[in-house]
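Student: Residue 263 in my numbering sits at position 256 of the sequence shown, and the numbers go up by one each step. The C-beta atom is built at its ideal place from N, Cα and C for all residues, glycine as well.
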Amino acid sequence: MKVGVRYRDVAAPYGGIWSSPFARWRGSLAAPASLDVGVWVTRRALATRRLPAEELRGLVLGWTVPQPVIFYGGPVVAARLGLPSVTGPMVSQACATSVAALHQAAGSVLTGAGAQLVVVADRTSRGPVLDWPRPSAGQEPETENWVLDSFRRDPLTGVGMLATAEALAAKAGFTRADADRVAVLRGEQYAASMADSRAFQRRFLVEVVEEDGRVLLAADEGVRLCDARRAAELPPATRDGVHSTAAQTYPADGAAGAVVTTEAGAREFSGGRGVVRLLASGFARVAAARMPEAVAPAAEAALTAAGLDIGSVDEITTHNPFAVNDLHFARETGVKLEDMNRFGSSLVFGHPQGPTGLRAIAQLVETLRLRGGGIGLFTGCAAGDSGAALVVEVTD
8 MKVGVRYRDV AAPYGGIWSS PFARWRGSLA APASLDVGVW VTRRALATRR LPAEELRGLV
68 LGWTVPQPVI FYGGPVVAAR LGLPSVTGPM VSQACATSVA ALHQAAGSVL TGAGAQLVVV
128 ADRTSRGPVL DWPRPSAGQE PETENWVLDS FRRDPLTGVG MLATAEALAA KAGFTRADAD
188 RVAVLRGEQY AASMADSRAF QRRFLVEVVE EDGRVLLAAD EGVRLCDARR AAELPPATRD
248 GVHSTAAQTY PADGAAGAVV TTEAGAREFS GGRGVVRLLA SGFARVAAAR MPEAVAPAAE
308 AALTAAGLDI GSVDEITTHN PFAVNDLHFA RETGVKLEDM NRFGSSLVFG HPQGPTGLRA
368 IAQLVETLRL RGGGIGLFTG CAAGDSGAAL VVEVTD
């Protein structure tokens, strides 16, 4: 099943979609709570982009990994950002959380609720271990490792995420050489974003700076790049599988955000520096345990809602935790692999879950700006058997 939703007057101002760099598993962002990182990054983004925080009327907080004081998440984040009267919902939809949060914010804008701030933050490094009490006296509680158990199995099927990718590879006939080719290509594209002292990345990445001014993270940490020879030498992650460590992403920590309002409001926020229109979103579910297959129908749903087709799209970014995601999307749509993710993807820079999609959307917007505008598509899978997509337009 797939569903698309069109937005008729929703936009973000110039500089109004951003992301922190991502830190490797148990790296520089493992100690602070992700709400702290979200606040630090958002505060810096609003200030450096000259976005008037006092004009914000609502907050959407996205997360997928529980963290300290998350029960009070929205009001706490807003108050720490100097917005004591602002609140709003919390959204959690696995790897689709970024699109879901933007979708929630767009809905609020369309109902006249005013400009919305989106904050999405996750820390996979220190996911909690939860004890679920059993009703019978004397029974040991059921224990769940929130992050690792979710990676290992979908409770509906008992199948882990990597297994969904390998199942699609076997079904579609994708080979180890195909997967390695994607891994090497995405690394080469990411390397292009590092040129000229990271000039492209600096367009949308915001340093993680603590309250006392100490810089915790100024650039991506833990990025894995390899050439064709090195990729071929890596062992498969599973016996007879096509995915090595180079052809799948890795857990990370980070935060991202956006300001969402009407087009007129976005122009006021940007001070005449341009806007990006949010045209439509799409959500899809496919057969059980076939997660990578959801990327293409989610994109189709979003494009159909926007009144467009894949031939209308000028730039594409994807959330591709496995190389097979992009291989299948390219086969289904006819898009060339090299025409997607021109400056890298989550396959290379990591996956903190909630913020991953918003970083790819920020990258998409800046890629469009470099080419002078156009239509952009972001699409990616989420847990188990689902996916989400967003269509944007940059005209100035």
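Taking N152 as part of the alpha helix (DSSP H), name the residues at either end of that continuous run.
Tutor: Where N152 is concerned, there is no enclosing alpha helix (DSSP H), although the beta strand (DSSP E) it sits in stretches over E149 to N152.
Student: Can you check the region 210 to 273 for any beta strand (DSSP E) of at least 3 residues that lies completely inside it and give the ranges in chain order?
Tutor: Segments of the beta strand (DSSP E) lying fully in the region 210 to 273: 222 to 224 and 259 to 267.
Student: In terms of alpha-carbon separation, which member of G272, T94, V191 and G22 lies closest to L344?
Tutor: Here the closest residue by C-alpha is V191.
Student: With distances taken Cα to Cα, identify the nearest neighbour of F356 among V230, A369 and E147.
Tutor: For the residues V230, A369 and E147, the minimum Cα distance to F356 belongs to V230.
Student: Give the straight-line distance between the Cα atoms of T71 and D129, rounded to the nearest whole angstrom.
Tutor: For T71 and D129, the distance between alpha carbons rounds to 7 angstroms.
Student: Give me the Cα-Cα distance between G281 and L169, rounded to the nearest whole angstrom.
Tutor: Looking at the two C-alpha atoms, the distance is approximately 41 angstroms.
Student: Does the region 217 to 237 come into contact with the region 348 to 367, if we say contact requires no fewer than three beta-carbon pairs (one atom in each stretch) closer than 8 angstroms?
Tutor: The answer is yes - the region 348 to 367 touches the region 217 to 237, with three or more Cβ pairs under 8 angstroms.
Student: Measure from the alpha carbon of M97 to the alpha carbon of each residue in Q208, G114, T182 and V125, then state which is nearest.
Tutor: The option with the nearest alpha carbon to M97 is V125.
Student: I'd like the span of the beta strand (DSSP E) that includes H326, first residue to last.
Tutor: H326 -> beta strand (DSSP E) spans E322 to H326.
Student: Can you tell me whether D260 is buried or exposed? The criterion is at least 16 other CB atoms within 10 Å of its CB, across all chains shown.
Tutor: D260 comes out buried.
Student: Which parts of the region 19 to 67 are runs of the beta strand (DSSP E), unbroken and 3 residues or longer, counting only runs that do not cross its ends?
Tutor: Within the region 19 to 67, the complete beta strand (DSSP E) runs of at least 3 residues are 24 to 26.
Student: Between which two residues does the alpha helix (DSSP H) harbouring G114 extend?
Tutor: From DSSP, the alpha helix (DSSP H) with G114 extends over T104 to L117.
Student: Just grab the DSSP bridge partners of T363 for me.
Tutor: The partner list for T363 (beta bridge, DSSP) is empty, contrary to what the question assumes.
Student: Tell me the start and end of each unbroken beta strand (DSSP E) in the region 117 to 188 that is at least 3 residues and wholly inside, in chain order.
Tutor: Within the region 117 to 188, the complete beta strand (DSSP E) runs of at least 3 residues are 123 to 130, 136 to 139 and 149 to 152.
Student: Measuring only the C-alpha atoms, how far is V213 from G95?
Tutor: If you take the alpha carbons of V213 and G95, they lie about 24 angstroms apart.
Student: If you compare alpha carbons, which of R221, R209 and P243 is closest to P28?
Tutor: The shortest C-alpha separation from P28 is found at R209.
Student: Within 10 angstroms of the Cβ of A19, are there 16 or more other Cβ atoms? Answer buried if so, exposed if not.
Tutor: By the 10 Å Cβ count, A19 comes out buried.
Student: For T200, collect the residues of the same chain with a Cβ closer than 7 angstroms to its Cβ; drop the 5 residues on either side in sequence, then sort them by chain order.
Tutor: It should be noted that the sequence gives Ser, not Thr, for residue 200. Excluding sequence neighbours, S200 sits near F207, Q208, F350 and G351.
Student: Does DSSP put L310 in a helix, in a strand, or in coil?
Tutor: It is helical.
Student: Taking A330 as part of the alpha helix (DSSP H), name the residues at either end of that continuous run.
Tutor: Segment A330 to T340, the alpha helix (DSSP H) holding A330.
Student: Can you check DSSP and say which residues form a bridge with Q100?
Tutor: Partner(s): C102.
Student: Using only the alpha-carbon positions, how far apart do T374 and N348 sit?
Tutor: Distance between the alpha carbons of T374 and N348: 9 angstroms.
Student: Closest to V46 by CA distance: which of I24, P135 and V215 is it?
Tutor: Comparing Cα-Cα distances from V46 to each of I24, P135 and V215, the minimum goes to V215.
Student: Throw me the rounded Cβ distance for the V293 and D392 pair, which I believe falls under 8 angstroms.
Tutor: At roughly 5 angstroms, the Cβ-Cβ gap stays under 8 angstroms, so V293 and D392 are in contact.
Student: If we ignore side chains and look at the alpha-carbon of each, how far apart do Y79 and L66 end up?
Tutor: Approximately 13 angstroms, taken between the alpha carbons.
Student: Which term fits V76, buried or exposed, when burial requires 16 or more other beta carbons within 10 angstroms of its beta carbon?
Tutor: By the 10 Å Cβ count, V76 comes out exposed.
Student: Use the C-beta contact count for V449: other C-beta atoms within 10 angstroms, 16 or more gives buried, fewer gives exposed.
Tutor: Outside the shown range of the chain, which is 8 to 403, sits residue 449, and nothing can be said about it.
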